[in-house]
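Heads up, the thing below is written out as structure tokens.
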Amino acid sequence: MIRNRKLYLPFSIVSSGLFLLHLCALAQSNFKIGVVDTQGVFESYKKAEQAINVLKSAEKRLSDKLEALREEIVDMEDSLTKQKLFLDESATQTLEGDILRKKQEFQRELEVGQGALQEKQTELFQPILNEIQALIQQIGTNENYSIILEKRLVTLYVDPKHDLTNNIIEILNTEYEQEATAEDEKPAAATGANKEE
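Counting in the working numbering, the sequence shown runs from 10 upward without gaps.
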């Protein structure tokens, strides 16, 4: 098994080298290559920043709620420990039952909250990821790229002229700002129209 691992690394390097040599050969025959750091694009896209902030706020609310429940459980357990000597069996069981129900409530809130956050993340992020993917494909088609690779997966070095990341970020943010400006102007235009009536 260890022997196979030792063979795997040189084999990977040779394979990657052959792949890159093949790409270089193709480059001589009008082969146009580009790379994009899609994570960098996502993190620098203002619409994604807004979505991330929505999620962070929801995570904070969930965290605060869970912390309050956790403190309640700790207080209940402390109270039971202090009172246990003075309580009969029935009262002790009642308090233990209350603590158990509070722990179950905590677990429920945690599971439901995490599920809701996951759903919201998909709802917010998927359209943004689709938008980024569509723009990359559009640039690839319009500018006659033969291939556009994910920068973080394959490349050890890229000539900056082949890196499309900043260009894509700029296009996305410009379009986003134009859409936001258009949305801001709509209510003002509607208000002006109402005044004329």
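Ideal Cβ positions, reconstructed from N, Cα and C, are used throughout, including at glycine.
| field | Opposing strand residues paired with residue 158 [DSSP bridges] | value | DSSP, once it has assigned bridges, lists 44 as partnering residue 158.
| message | Taking the straight line between their C-alpha atoms, what separation do you get for residue 188 and residue 114? | response | 43 Å
| request: Could you tell me if residue 150 is buried or exposed, where buried requires 16 or more neighbouring beta carbons within 10 angstroms of its beta carbon? | output: exposed
| Between the stretch 66-75 and the stretch 89-101, are three or more C-beta pairs nearer than 8 Å? | no
| field | First through last residue of the alpha helix (DSSP H) which encompasses residue 150 | value | 98-151
| query | Do you know how far the Cα of residue 170 is from the Cα of residue 164? | reply | 14 Å
| task | With a threshold of 16 other CB atoms inside 10 Å of the CB of residue 156, please say whether the residue is buried or exposed. | result | Residue 156 counts as exposed, since fewer than 16 other beta carbons sit within 10 angstroms of its beta carbon.
| task | Specify the secondary structure class of residue 73 as computed by DSSP and reduced to three states. | result | helix
| task | With a threshold of 16 other CB atoms inside 10 Å of the CB of residue 290, please say whether the residue is buried or exposed. | result | Missing from the structure shown is residue 290; the chain here goes from 10 to 206 and no further.
| message | Between the stretch 138-154 and the stretch 73-86, can you find at least three pairs of beta-carbon atoms closer than 8 Å? | response | no
| request: Could you check how far apart the C-beta atoms of residue 177 and residue 145 are, in whole angstroms? I think they sit under 8 Å. | output: 7 Å
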